[in-house]
Amino acid sequence: MEASNRYNIDTTGLVCCWPSEEVLAYYCINHSDMFRAKKVLELGSGYGLAGLVIAACTDADEVVISDGNPQVVEYIQKNISINAETFGETKVKSMILHWDKEQASEILNTFDIIVASDCTFFKQFHESLARTVKSLLKHSATSQAIFLSPQRGDSLDKFLRIIKENGLNYELIENYDPTVWDLHKKYVAGDDRAWPNYDKEHCYPLLQNSVILEFDIGWTFWKNLPFSMEVPTRLFKGCKLTFPHLRGFHDITDTSACVTCNGALFL
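For what it's worth, my numbering labels the leading residue of the sequence shown as 13, then goes sequentially.
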C-alpha cells in the first residue's frame with residue numbers, strides 16, 4: 013500500500029502470478045519465431061513469467077522485464093538470476109518503469125515488441141500506458157505491442173479509444189488460439205475445472221495487436237482466461253520462479269514436473 017501511494021502504481025503484481033500472464037506466456041511460446049533477434053519489453057510484468065519464457069524459449073536478442081513497484085522488480089531480478097543459465101545468448105534485465113514518468117532517452121523508441129497482460133483494468137492508468145507504449149515502441153513496420161486483457165465492463169473499450177487518440181492502431185482478436193478457445197467454450201458450458209463465476213466478459217482474454225499509425229505497427233489484445241493453461245514442460249526446462257508467500261522456488265526440469273502458483277498450474 014505504501015508503494016501504491018508513493019508511486020501511484022497498481023500493486024496487484026504482488027498478489028500472485030495472474031492467469032492472463034500464463035496465457036501470454038503460452039502464446040509467446042507458440043509464436044516464438046516472432047521474437048528472433050528482437051528487443052522485447054514486458055510492461056507491468058508482476059513476477060515476469062512471460063518475459064522469462066520469452067528469454068528462455070525464444071531467440072530474442074534482449075528482454076527487459078519491467079514493473080512500477082520496486083518490491084516486484086526485486087522478485088523479477090531474483091527470477092532472472094536463478095534462471096540465467098536457460099537464457100542462452102539472450103540479454104535479460106529487470107527495470108523499474110513508471111508509466112506516468114518521462115522515460116529515459118536511451119530507451120525511447122527502441123523496442124521491437126512490447127508485451128503486457130491484464131494491464132488495462134485500472135482506468136486511471138490508461139492514458140499513461142498508451143503514451144508509454146508509443147514512446148518506447150520502435151518506429152518500424154514490424155514493431156508491435158501485444159496485450160492480453162479481459163473486457164471487464166467498459167475498461168478495455170475505453171483503453172482502446174485512448175490508444176487511438178494517441179496515434180496507435182489496433183486489431184482485436186477473440187479466437188487467437190484453438191486450445192485456449194476450446195477451453196473457454198468448455199468453461200462457459202460449465203466444465204468442472206472452470207471457476208464457479210466464470211464468464212466471458214471478466215474471464216476470457218482478448219488479443220490486441222497494436223501499432224503506431226504512421227507505420228501500421230500492430231497491437232494485439234486478447235481477453236483474459238482464469239484457468240490453468242497446459243504448457244509442454246520441455247519448453248520450460250530448468251525454469252525456476254520465485255513467488256513470495258507461496259512456495260519459494262518452483263523448479264520444472266522434467267516432463268513430470270509442474271509449477272503451482274496460487275492455484276495456477278503449468279505443465
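Quick reminder that beta carbons are idealized off the backbone N, C-alpha and C, glycines included.
Which whole-angstrom value describes the C-beta separation of V65 and L160, a residue pair presumed to lie in contact below a C-beta threshold of 8 Å?
For this step, residue 65 is matched to residue 53 along the sequence shown. For this step, residue 160 is matched to residue 148 along the sequence shown. Contact between V65 and L160 does not hold, since the beta-carbon distance rounds to 13 Å and is not under 8 Å.
Can you check DSSP and say which residues form a bridge with S129?
Working through the sequence shown from its first residue, we reach residue 129 at position 117. Partner residues in the beta bridge of S129, as assigned by DSSP, are L160.
So, for A157: in the same chain, excluding its five sequence neighbours on each side, which residues have a beta-carbon less than 7 Å away from its beta-carbon?
As a working note, residue 157 is residue 145 in the sequence shown. Closer than 7 Å at Cβ, skipping near neighbours: I126, V145, L149, S222, W231.
State the Cα-Cα distance for the pair H151 and V84, rounded to the nearest angstrom.
Translated into positions along the sequence shown, residue 151 becomes position 139. Translated into positions along the sequence shown, residue 84 becomes position 72. Straight-line Cα distance between these residues: approximately 30 Å.
Quick one: grab the DSSP three-state call for F134.
By 1-based counting over the sequence shown, the position of residue 134 is 122. Note: F134 maps to coil in three-state DSSP.
Verify whether the separation of the beta carbon atoms of I4 and A142 is less than 9 Å.
Because the chain here runs from 13 to 279, residue 4 falls outside it and cannot be looked at.
Residue environment, K50, which counts as buried when at least 16 other CB atoms sit within 10 Å
Stepping through the sequence shown from its first residue, residue 50 is reached at position 38. Classification for K50: buried.
Are the Cβ atoms of L218 and E177 separated by less than 9 Å?
Looking up residue 218 in the sequence shown gives position 206. Looking up residue 177 in the sequence shown gives position 165. Taking 9 Å as the Cβ cut-off, L218 and E177 do not qualify as a contacting pair.
In chain order, what residues of the same chain lie with their CB nearer than 6 Å to the CB of Y199, ignoring the 5 residues before and after it?
On the sequence shown, position 187 is the one that residue 199 refers to. The residues are A206, Y210.
Can the beta-carbon of L120 be found less than 9 Å from the beta-carbon of S78?
Within the sequence shown, numbered from 1, the residue matching residue 120 stands at position 108. Within the sequence shown, numbered from 1, the residue matching residue 78 stands at position 66. It is not a contact, given that the beta carbons lie outside the stated cut-off.
Should G80 go down as buried or exposed, given a rule of 16 or more other Cβ atoms within 10 Å for buried?
Reading the sequence shown from its first residue, position 68 is the one you call residue 80. So G80 ends up on the buried side.
Taking G58 as the reference, give the member of A68, I88, F47, D73 with the closest Cα.
Taking the sequence shown and counting its residues from 1, the one referred to as residue 58 is at position 46. When each option's Cα is compared against that of G58, the closest is I88.
Spatial neighbours of V75 within its chain, please: C-beta separation below 7 Å, excluding the five flanking residues on both sides.
Counted from its first residue, the sequence shown places residue 75 at position 63. Taken in chain order, the residues that qualify are V52, G63, I66, A67, T102, V104.
Of the listed residues H138, K113, V192, nearest to D169 (C-alpha basis)
If you number the sequence shown from 1, residue 169 lands on position 157. Selected option, being the one with the closest Cα: H138.
Check each candidate in T191, A116, H214 and name the one with the smallest Cα separation from M107.
Here residue 107 refers to the residue found at position 95 when the sequence shown is read from its first residue. With respect to the C-alpha of M107, the residue from T191, A116, H214 having the closest C-alpha is A116.
Can you tell me whether DSSP reads F171 as helix, strand or coil?
Within the sequence shown, residue 171 is the residue found at index 159, counting from 1. DSSP places F171 in the helix class (H, G or I) of the three-state scheme.
For S93, is the classification buried or exposed, using 16 other Cβ atoms within 10 angstroms of its Cβ as the cut-off for buried?
Working through the sequence shown from its first residue, we reach residue 93 at position 81. Answer is exposed; the Cβ neighbour count stays below 16.
Quick one: Cα of D124 to Cα of T154, how far?
Along the sequence shown, read from residue 1 onward, the residue named residue 124 stands at position 112. Along the sequence shown, read from residue 1 onward, the residue named residue 154 stands at position 142. D124 and T154: Cα-Cα distance of roughly 7 Å.
Start-to-end residues for the alpha helix (DSSP H) that takes in L64:
As a position in the sequence shown, residue 64 is number 52, starting the count at 1. Start and end: 61-69.
Cβ distance (whole Å) where D189 is taken to contact Y39 below 8 Å:
Position 177 of the sequence shown, counted from the first residue, corresponds to residue 189. Position 27 of the sequence shown, counted from the first residue, corresponds to residue 39. Yes, they are in contact, since the Cβ atoms of D189 and Y39 sit about 6 Å apart, within 8 Å.
Exposed unless 16 or more other CB atoms sit within 10 angstroms - verdict on C29
Within the sequence shown, numbered from 1, the residue matching residue 29 stands at position 17. By the 10 Å Cβ count, C29 comes out buried.
Where does S147 sit, in a helix, a strand or coil, going by DSSP?
Position 135 of the sequence shown, counting from 1, holds the residue named residue 147. The three-state secondary structure of S147, taken from DSSP, is helix.
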